[in-house]
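In what follows, a single structure is set out as structure tokens and then discussed.
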Amino acid sequence: MDVVVTGTRASIPIEKLSSSVKVIDSLELEQLNGVSIGDKIKNSTGLSLRSYGGNGALHSVSFRGLGSDYSLILIDGQRFTTYQISTVDVGIFQANEIERIEVASGGSSSQYGADAVGGVINIVTKRPDGHWFVSLSNTLGSYGLSGFQVSAGGGDEAFSYRGGIDLKRGANAFRFHFDDGTGVQTLRRNGADYVMRNYSFSASSIFTDDVAAHYIVRYSNADRGQPAAVTNSHQNNQGRINDHDLFMNSTTEIRLLEEMLLTLPVAYHYNRQTFFDPDASTIGNTVKSYYENNILGVSPLFRYSVSEEHYIVAGAELSRASINSNEVFPSHREQTSGFISSEHHFRLLTDFILFPSVRFDSFSDTKGDISPKIGINIGVLDIPSVRIRASYGKNFRVPTFNDLYWISGGNPKLTPERSRNFDAGLIAGIQSDEIDASVELTYFSIDAADKIVWRPVSGTIWSPVNLQSVTSKGFEGSAKLNLWKNLLIVSYSHNILRTRKTSEDFPGDAAKNKFLPYVPKEFSSFTLGTAWESLSANLTYSFTGFRYETSDNNPRFFLPTYDNIDANISYGFAAAGYSFRVRAEVNNLGNTDILLIRGYPMPLCNYSVTSTVSL
Amino acid sequence: MISFLKYTLCALFLCAGCAKNDPASVKEENPISTKGVYVLNEGGFTKSNSSLSLYVPDSGKIYSDVFYAANNRSLGDVANDIALYDSKAFIVINNSHKIEIISTETHKLLGTINVPGNSPNKIVIASASKGYITNLYKGTVTSFDPSNYAVLKSDIVVGMNPQGMAVASGKVFVCNSGYGEDSTVTVIDVAKDSVVAVIKTAKSPTDISVDSDGDIIVICNGYTDFVNSNNDTPGNITVIDAATNSVKATITLPLVTFGHPGELAVSSNGYGFTVVKNGLLKFDTKSHSIIAPSFITKTAYSIAVDNISERIYLGDAKDYNSNGKIYVYEKSGALKDSATVGIVPGSIVFKK
Chain D
85 MDVVVTGTRA SIPIEKLSSS VKVIDSLELE QLNGVSIGDK IKNSTGLSLR SYGGNGALHS
145 VSFRGLGSDY SLILIDGQRF TTYQISTVDV GIFQANEIER IEVASGGSSS QYGADAVGGV
205 INIVTKRPDG HWFVSLSNTL GSYGLSGFQV SAGGGDEAFS YRGGIDLKRG ANAFRFHFDD
265 GTGVQTLRRN GADYVMRNYS FSASSIFTDD VAAHYIVRYS NADRGQPAAV TNSHQNNQGR
325 INDHDLFMNS TTEIRLLEEM LLTLPVAYHY NRQTFFDPDA STIGNTVKSY YENNILGVSP
385 LFRYSVSEEH YIVAGAELSR ASINSNEVFP SHREQTSGFI SSEHHFRLLT DFILFPSVRF
445 DSFSDTKGDI SPKIGINIGV LDIPSVRIRA SYGKNFRVPT FNDLYWISGG NPKLTPERSR
505 NFDAGLIAGI QSDEIDASVE LTYFSIDAAD KIVWRPVSGT IWSPVNLQSV TSKGFEGSAK
565 LNLWKNLLIV SYSHNILRTR KTSEDFPGDA AKNKFLPYVP KEFSSFTLGT AWESLSANLT
625 YSFTGFRYET SDNNPRFFLP TYDNIDANIS YGFAAAGYSF RVRAEVNNLG NTDILLIRGY
685 PMPLCNYSVT STVSL
Chain F
30 MISFLKYTLC ALFLCAGCAK NDPASVKEEN PISTKGVYVL NEGGFTKSNS SLSLYVPDSG
90 KIYSDVFYAA NNRSLGDVAN DIALYDSKAF IVINNSHKIE IISTETHKLL GTINVPGNSP
150 NKIVIASASK GYITNLYKGT VTSFDPSNYA VLKSDIVVGM NPQGMAVASG KVFVCNSGYG
210 EDSTVTVIDV AKDSVVAVIK TAKSPTDISV DSDGDIIVIC NGYTDFVNSN NDTPGNITVI
270 DAATNSVKAT ITLPLVTFGH PGELAVSSNG YGFTVVKNGL LKFDTKSHSI IAPSFITKTA
330 YSIAVDNISE RIYLGDAKDY NSNGKIYVYE KSGALKDSAT VGIVPGSIVF KK
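The following block contains the structure:
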């Protein structure tokens, strides 16, 4: 079983955690279709991806029926989500120089503070290991996709480094179907071109046996068209979004005693987004807005292994975040947080692990919260391994800078949104030389209150208020079978969701107890794969149920059920001292109309081929 | 091959998920040759879920979407305005960039005027051969022929963000709101399709109508400063003499009491209403004075008044993402009836 750090901040096998964490490792990252983090996680259990259309478009992640602003994105355990909007665009986050992605479903505010309500995604970057390598790839695909990637590394035991460059562009005039009621037409998307560049560098210094430091710098830039919703067949999109994103992290690890480890991460995140739309004839005045976020934080972490059975992690987080924008009043937020969590193994009748944790967060500009959580994991059987797990905790989402300080309508009186999350389930597995199989089943229930909703206050001005309560309950099941060391890989995941608004926005609100719009009641995916020597092939089928579009669940207006098939094949060989690999992938093999958001079509069938040479 | 693959995969994991479990299609009723009140529902922006409801006052019956019932499709994206003329309804679908023309007898589609690149907002029919559409973001008005749906002149330049229009004395009066940045009403000669006058008003004229004396009544919202409300300026009711193109009276609406006024409805019986902070303000179109500052204490997204029954109709947009409601009040202000309509009821017109 995989070992993860998300959830407890200590390395622990996933079957011994108190809640569900999935790992997409480097092998899977290679085997999954797509170019961005969004593409790589889209079929993970417990989450749904909302995309505004193909490569380069905005993609956001929603866990367990909650909106995308209830997901926290981390890089190497450090907060990446900004306080301006608590949504990260995983569509322009390139999967370059990434070692693995840990997807933790459920609330984790007791570890990670604000916004870790629905789930946490921890993107773990590749660490240099001192061996010398260089690798070059070239990608060509449908709709003008072309890409170039290079990565290289070297060094020795004391100082090692690696870096990568990933460049992608596409005209992206993809085909899609449009029906305005008079018949289906095949149109091409207009104004959706993109250029995405990512530069990554990381280094590790080992000073002594007890002191080491790791540095990473990731800079990315995405310049892309931002086409409007398709509401008629005359498209003339001129809107553009440009993102600059710089993330730096320096982590020093000091082993104080054999059982005591201190880590001192210092992280800086800068993001500047500009949006420009000159088309005043259909959108009103020319829109030109910019948003500049800066966040600098230190988050010392102290881990103490009291004994084999008891493990304590304590940490603090001090940060300062600021926003500079022409749409938001200039503002900043100083954050002071601290947490303590521990892991206790008992031997009662059976193996029993207890995970208590608590965190406090205080913010200079808005209310903070205290978030406790308790988790258990109980061994029922050893072979095959069967374990029961459960957790209960309080979580919160802090009002964003947009909510509080938006120039036309922001409400500085907002308070955090709160939730109580419960989950319980089992994880079972069997491992031998020939078979690696696991099954997971989780029930969850989330009660969220004080949900921030933008409401019209007068004329054209909308303003946010703490208004709604939402409950989300459901089952997540997944199974994975790996026979004869990757010769046959079968995996299946199924999600059943019931997410409802439980409050009234006004007396007689017809939307009370109705399902939240855009949340499917059901979605699933099935993957069949094989890897034999240097040949591998994968086929993924995914299904998403219909989604209501209105808050009162009017049966006239819904996004229909769709299914999608992605496939890829890859072959590698060695010649003249070089190793070569050719990989072909096809997305939407069934040529189906995938409608994730009304007016934002997804591409019909498309493909790409990547050739790699490495030394 | 692909569908074979798909169904094989479905069969492989025999799950409920493979069932095509979309909601069953909804049957809408379509009454033929029925008098009533049309409520045009904008729907959500980019959601393409505009609809046309028909309320029958005698029976209290509501037909939730007669356009869908007759044509088996949704109207389009953001239906902003409707004008009735000669057994036809002309419906402006802003974000679909088109005008749909239907029969008011059968609700069947008769024709479409496409206006790509424009942002059509309000419509008025001046005569059997002349109609006008404002282009919200272009500062222009398009004239067309309502008999054959041909565009006549697409670029009659007016002021910023033109919205409401009214016809009197052979002229079209166009409110140039500029969303607070403009303060003029442009006058267009219907015969020549050319601008003959520009009338200065208070800031942000948006809604407009003709009263029983043939005068033009304009609602000016006043200026709204999103950053500092101390810079706001009050709105008013402006009365324009249609013959001379001059302002003959104004009723000022202090900000403290009324906020910024919104929608307008004028009766041929000598009075009118506008939506203010605390509900509906009633005013006299003859003496140009306030009759009741808060005649009905309910704010509304849209209002209309029936000249015959003198009943008042209010449209309530609720949360802007679910079915709205109309409330019907007697002349006295007593609530008579209410009915569920479509999403964001924005225009109410009477079919005689």
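Chains as they are written, first to last, in our numbering: chain D, 85 to 699; chain F, 30 to 381. For glycine and all other residues, C-beta sits at the position ideal for the given N, C-alpha and C.
Ranked by Cα distance from D:Thr92, the options D:Ile396, D:Ser120, D:Tyr374 are led by D:Ile396. Those residues of the stretch 367-379 of chain F placed with their C-beta closer than 7 Å to a C-beta in chain D are Ile372, ordered along the chain. About 17 Å separates the beta carbons of D:Asn495 and D:Pro414, which is beyond the 8 Å limit, so they are not a contact pair. Of D:Leu498, D:Ser475, D:Lys478, the smallest CA-CA separation from D:Thr484 is found for D:Leu498.
For D:Glu114, the enclosing alpha helix (DSSP H) begins and ends at 110-115. For F:Phe287 and F:Thr279, the gap between their C-alpha atoms comes out near 15 Å. Contact annotation: D:Gly149 and D:Gly674 have beta-carbon atoms that are not nearer than 8 Å. Taking all protein chains in view, the Cβ of D:Ile407 is crowded by 16 or more other Cβ atoms within 10 Å, so the residue is classified as buried. Of the other Cβ atoms in all chains shown, fewer than 16 fall within 10 Å of the Cβ of F:Asp254; this residue is therefore exposed.
Per DSSP, reduced to three states, the secondary structure at F:Ser296 is coil, with no helix or strand assignment. Per DSSP, reduced to three states, the secondary structure at F:Asn78 is coil, with no helix or strand assignment.
Excluding its 5 nearest sequence neighbours in each direction, D:Arg667 has C-beta neighbours in its own chain below 6 Å: Ser654, Thr694, listed in chain order. Taking C-alpha positions only, F:Lys232 is separated from F:Thr262 by approximately 8 Å.
Setting aside the 5 residues that flank it on each side, D:Leu113 is surrounded in the same chain by Lys124, Ala179, Ile182, Arg184, Ile185, each with a C-beta closer than 8 Å to its C-beta; the list follows chain order. Comparing alpha carbon positions, the residue from D:Asn622, D:Val204, D:Thr583 closest to D:Tyr632 is D:Thr583. Counted as a single uninterrupted DSSP element, the stretch harbouring F:Gln192 is not any alpha helix (DSSP H) but the beta strand (DSSP E) occupying residues 191-197. Runs of the beta strand (DSSP E) lying entirely within the stretch 71-140 of chain F, each at least 3 residues long, are 80-85, 90-92, 108-114, 117-122, 127-132 in chain order. Look at D:Ile491: its C-beta is under 8 Å from a C-beta on chain F. Excluding the 5 residues flanking it on each side, F:Gly193 has same chain C-beta neighbours closer than 7 Å at Lys151, Cys204, Thr235, Asp236, Ile237, in chain order.
For D:Asn486, the three-state secondary structure derived from DSSP is helix. In the structure shown, F:Val68 adopts extended strand secondary structure according to DSSP, grouped into three states.
With a threshold of 8 Å between beta carbons, D:Pro468 makes no contact with chain F.
Residue pairing of F:Asn147 in beta bridges, as defined by DSSP: absent, with no partner found. In chain order, Thr75, Lys76, Ser77, Asp106 make up the part of chain F whose C-beta sits under 8 Å from the C-beta of D:Gly683. At a cut-off of 8 Å between beta carbons, D:Asn321 makes no contact with chain F. Ranking D:Ser244, D:Leu345, D:Gly275, D:Asn505 by CA distance to the CA of D:Ala94 puts D:Leu345 first. Contacts with chain F (Cβ-Cβ distance below 8 Å) from the stretch 529-541 of chain D involve Arg539, Pro540, listed in chain order.
Using a CB distance cut-off of 8 Å, F:Tyr178 does not count as an interface residue toward chain D.
The Cβ-Cβ distance between D:Pro311 and D:Gly254 does not fall below 8 Å. The alpha-carbon of F:Ile228 is positioned some 56 Å away from that of D:Phe147. Under the 8 Å Cβ criterion, the stretch 486-493 of chain D does not count as touching the stretch 461-476 of chain D, having fewer than three qualifying pairs.
For D:Glu633, the chain F residues whose C-beta falls within less than 9 Å of its own C-beta are Gly73, Lys76, Asn78, Asn350, listed in chain order. Shortest Cα-Cα distance from F:Ile377 to any of F:Lys360, F:Ala294, F:Lys90 involves F:Ala294.
The Cβ atoms of D:Ser244 and D:Gln233 do not sit closer than 8 Å to each other. DSSP places D:Ile121 in the uninterrupted alpha helix (DSSP H) bounded by 121-125. Excluding five sequence positions before and after D:Glu524, the CB atoms of its chain that fall closer than 6 Å to its own CB belong to Ile511, Ser562, given in chain order.
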